[in-house]
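Chains as they are written, first to last, in my numbering: chain W, 18 to 384; chain R, 16 to 842. Please read the structure below before turning to the comments.
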């Protein structure tokens, strides 16, 4: 085998100084690139298949075997360095580009966002639910009854006799004819009678609902308004239980420390009867006996009527088939409009009735 | 009931006020009365209407100066307690030198905002004004100035005190069970109990009953169990009402008229017994009491001729009815300016009869107010004696011998009361002695130990049951003593499914951008025409209010839409162009075959049949959900143009409601007023129509003046069932295959049918299907056709589905659409 002929002269491209120069030229070219596009052009020139170092690599075979390893190693080091220089520049340029684009994409986040305006629930609904929830938490059921109601349930069963003034056309709206026996219920109390007639005690129910009176609409009256009726019939129910229950409701609705007062009153279906008053939410009682600071909200009386209540009249228990010798009960009825007025400082009943969206919108989705 | 505090003080010693002045402490008395159940509406005084200096003056001298206009003015020097008298011009001449008069000094403001200043008039500077009773708001007399009795006070002293105008008046509401509190005597008794002070009743000596005052027959003892009369003669018809009496009447809100009338009113306020005065000279024959005969008429004191009802109680003489008993007297026997001989009537009328008469004749009166609530039958004689005494004292009258009483004072029945009962009801300690004490305070006679035998007083007809006595004891012990305890109900189950569902629906509609309103339930029948409802549409069969608040809106709603649309219109009128409202509430649908309403007794539980009858006579009252909207659902903004509300929003609202119940709502085109016949969706659930949604008919929009293209939805909420527990899906984590299908479908084929056919054909591995494009373009799909493009997602539960497999499913889906709805694949 004849010895292979080698070029005695080391090829130019593999000479260390040439390689070093190429590394320096590459590094300089990458550094000079001011954009990723320019860097790409520089990469093709210095790292691509036709780049000086790639071409130099092809010359290694021409070296004597003894010189190949050293040249290969030298070339490898150079190519690694060139690659590193490129990558460093590329990271740099990419970071620079990202920063510029993100700045260009910035928006004004204070621009209005809601494309679809939000809806809202009426406070009379949400307050009724809130009251129901307070009682449901105590174990009560939420009861319901018809709004167009039999006079028997609305009056007779509640110990309101046929000649009672409340049964006149001045107060009550009659359906059909005046002697049809059908009325728009004037209170939620008929639901009491319905519950007592269909349940065995113990009965603990709460009943929010619509009620009707022959009143003109003004700032404090509405012919259609809402009440929430509460009824407890059990062994040993007392007026102390009534007071405790109302205190609990008042605190749940208006916050701790709200002051209530029971004041003797008269309702045919409760005996003893009471009105529940709340300390005036405007003057907190400070207008009483203080002519310099009169309060229009409470008429300078310091208290505002919240609702009526009392021990269920044994006559009502009898009419509903419950033995008053075994069971006793309490009942109460609160105005929900009043509750909203106290809680949310709504001052005009008409705003609650007329359905102006600006009123409802203020309450949002509260539950 | 207005109550001057000093008048009250005549029956009970009241706590004195701490400040200057001699009157009782009205605030303290008011608080005590509130505690026992009288609702004090305000505490005021006549002085509230007067500010600034109002003093007594003594006329030192005067000169009468005739004026060119014929008037004579008096130029007076009046001593008002200052170094020099003041010069005051006065138009009246009913006074003399030395008289004590009331002077309003500059700076004073009299009732009605009448401000006094020093002013030049008739050539003098008048440094104040000498006042008449009318100018002070304490009388009608304006003929001359008010001259006070000598010794009324020193010049310069406060005239409000001298006139008693600072006296506090308690204005209170009296509940219907406490008729006795429509009198000074009754309120004083309450004050005595509330303040634990002694009560002194009025007890003038009474003559023996002898039937001689006037002949009386009572033919209807059920309507009048007691009728008594006295008489006076020789009354001076010109006798003036004493100033103190006139003042008290005014304080109580009554107008002084004449001595005889004023005395009757005064005694009524004092005793609670309404009295009637007949001019004896105008009476013909005996006085009688009966029910009116059909066709009888009576001209009452107010001059109105009234047709009497056979249920009306009347007082008669030989000429027929002379008074509507207990309500108002008749004109024919009324006393007048010439009356000298007077028959006084004090009767006790059946409360319910009086109530009915008041309602029938729409004639509320002070007398009727008391009879309706119950008058003390034992006080009639006392009241008559008081009247006689006052007419004798102030009117120069002579008491005619004789005292006629027909009927008997009923004796209140005994009530047995367990002595422990008040404590058991109140939930607080009340010993037997306290129970007895409190009952005695309200006037009961009490006997017995553990079981008390209680006889209520004559003035408390409201006390009939043990519970009534319990209330008396507990209220006098004080409601503020009742402790606060919570009962222990059995464990509850929370809201029912229906209740939770309604809350979900309400939140869903609010979340969809609708605002809740509670619109009127009263509607005008004309709305049915505006809605274009056919004559036999059940929505026209509305219940009517017999006594509507507005004659134009007598009907109860059969649909939520009239109220919602009226509310929408109100908002538009207030400048809100884009409105979306919802409401949930009952509509009232009378049953065509409703039986008449039964009237069960209340003495025991009604029978099941009676209870069923009560409900059967009522209208159906299903709960509906409704929504209306107009304007933009999405406003224009930096993001682009506005999206205008259209029919699809209304259908989406219905779907939102159904989604809350997880119900599968079927939607179909339908023709149903008041919706646009081409844009109305019928909403079905399990094949049953439960509502409609879409755009309103342009004629309805025009008739109601609604914004163009107003849309609406209404459905029967009660038709939705609370959702059963959801079946949790088994989730496949294998990749889906997404395929699109474009079909050409003949016009008139609903998209819902095309979707249904595709679904049916695609088989069980179809995960979802979505219609993403629809268009009608004759050049591309031909006349009479629409293009519908669907995105189908297939996924297998147990493996990676291949595209080839999915395509076979898609082809089957398309084949089904071809065969069932006449679709073809778009090329």
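Cβ atoms here follow ideal geometry from the backbone N, Cα and C, with glycine treated the same way.
In the three-state reduction of the DSSP assignment, residue 478 of chain R falls in the coil class.
Between the stretch 330 to 346 of chain R and the stretch 356 to 371 of chain R there are three or more C-beta pairs closer than 8 Å, enough to call the two in contact.
When rounded, the separation of the alpha-carbon atoms in residue 179 of chain R and residue 241 of chain W is 45 Å. Taking CB atoms only, residue 142 of chain W has a neighbour in chain R less than 8 Å away.
Taking 8 Å as the threshold, the shortest C-beta distance from residue 190 of chain W to chain R falls below it. Residue 509 of chain R reaches chain W at 153, counting residues in chain order whose Cβ is nearer than 7 Å. About 5 Å separates the beta carbon of residue 162 of chain R from that of residue 114 of chain R, a gap short enough to meet the 8 Å contact definition. Under a criterion of Cβ atoms nearer than 7 Å, the residues of chain R adjacent to residue 164 of chain W are, in order, 601 and 636. For residue 760 of chain R, the enclosing beta strand (DSSP E) has its first and last residue at 752 to 761. As computed with DSSP, residue 802 of chain R is found in a beta bridge with R:759 and R:790. Per the coordinates, the alpha-carbon of residue 177 of chain W lies some 21 Å from the alpha-carbon of residue 225 of chain W. Taking C-beta atoms under 8 Å as the contact rule, residue 747 of chain R and residue 825 of chain R fail to qualify, at a distance of about 18 Å.
Under a criterion of Cβ atoms nearer than 9 Å, the residues of chain R adjacent to residue 221 of chain W are, in order, 502, 504, 505 and 507. Distance from the CA of residue 157 of chain W to the CA of residue 511 of chain R, rounded to the nearest whole angstrom, comes to 12 Å.
For the 8 Å CB-CB criterion, residue 734 of chain R and residue 700 of chain R form a contact. With the rule of 3 Cβ pairs closer than 8 Å, the stretch 113 to 129 of chain W does not count as touching the stretch 449 to 468 of chain R. Counting only residues of its own chain and dropping the five nearest sequence neighbours on each side, residue 795 of chain R has a CB closer than 8 Å to the CB of 802.
Within the stretch 483 to 537 of chain R, the complete alpha helix (DSSP H) segments of 4 residues or longer fall at 512 to 526, listed in chain order. CA-to-CA, the gap between residue 441 of chain R and residue 744 of chain R works out to about 57 Å.
Against chain W, a Cβ distance below 7 Å from residue 299 of chain R picks out nothing, because the smallest value is about 33 Å. Per DSSP, residue 331 of chain W is one residue of the alpha helix (DSSP H) stretching across 331 to 336. Contact between residue 282 of chain R and residue 401 of chain R is confirmed by a C-beta separation of about 5 Å, below the 8 Å threshold. Put simply, of W:88, W:213, W:133 and W:191 the residue whose alpha carbon is nearest the alpha carbon of residue 619 of chain R is W:213. Annotated three-state conformation of residue 354 of chain W is helix, per DSSP. Neighbours of residue 442 of chain R across chain W, judged by C-beta separation under 7 Å: 255, 256, 257 and 258. Shortest Cα-Cα distance from residue 355 of chain W to any of W:40, W:263 and W:238 involves W:238.
Non-local C-beta neighbours of residue 68 of chain W in its own chain, meaning closer than 7 Å and more than five positions away in sequence, comprise 62, ordered along the chain. Residue state for residue 169 of chain W is assigned as helix, using DSSP reduced to three classes.
Of the other Cβ atoms in all chains shown, fewer than 16 fall within 10 Å of the Cβ of residue 299 of chain R; this residue is therefore exposed. Contact annotation for residue 514 of chain R against chain W: 159 [CB-CB distance below 7 Å, chain order].
Contact annotation: residue 228 of chain R and residue 412 of chain R have beta-carbon atoms that are not nearer than 8 Å.
Shortest Cα-Cα distance from residue 259 of chain W to any of W:291, W:357, W:374 and W:187 involves W:291. Exposure of residue 362 of chain W is indicated by the presence of fewer than 16 other C-beta atoms within 10 angstroms of its C-beta.
Leaving aside the five residues that flank residue 728 of chain R on each side, the residues in its chain whose CB is nearer than 6 Å to its CB run, in chain order, 642, 665, 668, 669 and 708. Bounds of the alpha helix (DSSP H) holding residue 280 of chain R are 274 to 286. Annotated three-state conformation of residue 376 of chain R is helix, per DSSP.
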